[in-house]
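All remarks here apply to the structure that follows.
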Amino acid sequence: MRMKSFIFGLFCFTAVAAVAQPPARRAAAQQQKEQTQQTSAAQYRDFPTAQPMPDDAAWRRDIYRTIDLTRDENATLYYPTVPQGDRMNLFTALFKMVLRKQIKAYDYKLDGNEDFSDKNVVTGNELMDRYHIFYEKSGDRVRVNDADIPSEEVKTFYIKESSYYDQHTSSFHTRVVALCPVLTRGNDDFGGDLDTRYPMFWVKYDDVAPYLAKLMLMGSNLNNAATLSADDYFTMNLYKGDIYKTTNLQDRVLQNYCTTDTALRKERSRIEKELADFQRELWRGDSVPVVVDTLAVKEKSSKQTSRRKVQSGRRASTSSQPAAASQKRQRSTSTKSSKPKSSGATYSVRRQRH
């Protein structure tokens, strides 16, 4: 009886385990799927041109640039100013990421330096209140119409880039570190001077890169089918911008010591030349003379000597042929001239005897 009870209990336990196992498996599979998606989203840029900058780079220089979106090279970041279907410009995409709390926005300090600490994080509501952006609030939810997003007024971006030499891969790279949209407004908006710039916030490029990989931009005016992602645009350094600051000991911007426009242009050209010279001199040939192989040099010289002999012999045989022909012609001429000349008709005279 006890044996039957034991067998019956074992059978019930097995049945319960069999019934309960599929949901557990499904839950485990779902959890593994979510982890895989998060991992793939975080590692989507694991290709050579987008590897993170090493902390122990042998050489690095940080540059701050002003990206004018009205220039042809940067216009793909500005249009369309109002979202059209799944197409939107860079600022609209960044602003929606901040509102959805997909990325963190950091307040822009008066000194212009980026501060990526948690105490400097600014929320979307604070930004909308600060820059008078209309929104509707229902409980904890905030709704902003696409027409109310001031994407048309953001005509400039501040960008921080780092040019560095990676000694581990012996490669030189220039990668974007941070982005800052700049709002441009005039007298009617804030009561200030015309076309006053208001830097809004900083964002880490590594935070926005997964989303910029899905933001498609128009790549050509002639071929509307040619598109590229915003991440490719920044990774390939297709943007054009003027330098306004470099990381230095005095923490000065160029306008602090360049009092005229001419001096400012010269300073920008000087910095650009320094970067280009460093990259060019990095791959310069070795200054130490290479020790050549004497045996290889001898073999090469002997081949060249034999080649020259063959060529000279060919030239000599070629030049001797006209000389022999001329000698033959002279010989035949002298032979003809030594023969007696014939006088045409001949007469014989016979004398008679008387």
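Going by my numbering, the sequence shown opens with residue 2, and the numbers climb by one from there.
In this text, a Cβ means the ideal position worked out from N, Cα and C, and glycines have one as well.
Note that the structure is a prediction, hence the values are computed from the model and not measured.
- Per DSSP, residue 278 lies in no beta strand (DSSP E); the unbroken alpha helix (DSSP H) holding it starts and ends at 262-283.
- Counting only runs that start and end inside the region 97-132, the beta strand (DSSP E) elements of at least 3 residues fall at 106-108.
- Burial check for residue 231: the Cβ neighbour count within 10 Å reaches 16 or more, so the residue is buried.
- Between residue 138 and residue 147, the alpha-carbon positions lie close to 15 Å from each other.
- Looking at the backbone, the Cα of residue 168 and that of residue 150 are separated by about 44 Å.
- Around the beta carbon of residue 182, 16 or more other beta carbons lie within 10 angstroms, which makes this residue buried.
- Taken through DSSP and simplified to helix, strand or coil, residue 209 comes out as helix.
- Counted as a single uninterrupted DSSP element, the beta strand (DSSP E) harbouring residue 185 occupies residues 172-186.
- Of the residues assessed, residue 257 falls on the exposed side of the cut-off, its CB having fewer than 16 other CB atoms within 10 angstroms.
- The three-state reading of DSSP puts residue 157 in strand, counting E and B together.
- Comparing alpha carbon positions, the residue from 61, 172, 117 closest to residue 105 is 117.
- Residue 283 is classed as exposed because its beta carbon has fewer than 16 other beta carbons within 10 Å across all chains shown.
- Only residues of its own chain outside the window of five on either side were considered, and among them 161, 245, 246 have a CB closer than 6 Å to the CB of residue 65, listed in chain order.
- Distances from the CA of residue 71 to each of 212, 153, 238, 233 were compared; the closest alpha carbon is that of 153.
- Residue 236 carries a helical assignment under DSSP once its states are collapsed to helix, strand and coil.
- Note that the region 227-241 touches the region 202-216; at least 3 beta-carbon pairs, one per stretch, sit closer than 8 Å.
- Just so you know, the alpha carbons of residue 157 and residue 29 end up roughly 47 Å apart.
- If you draw a straight line from the Cα of residue 270 to the Cα of residue 53, it is about 28 Å long.
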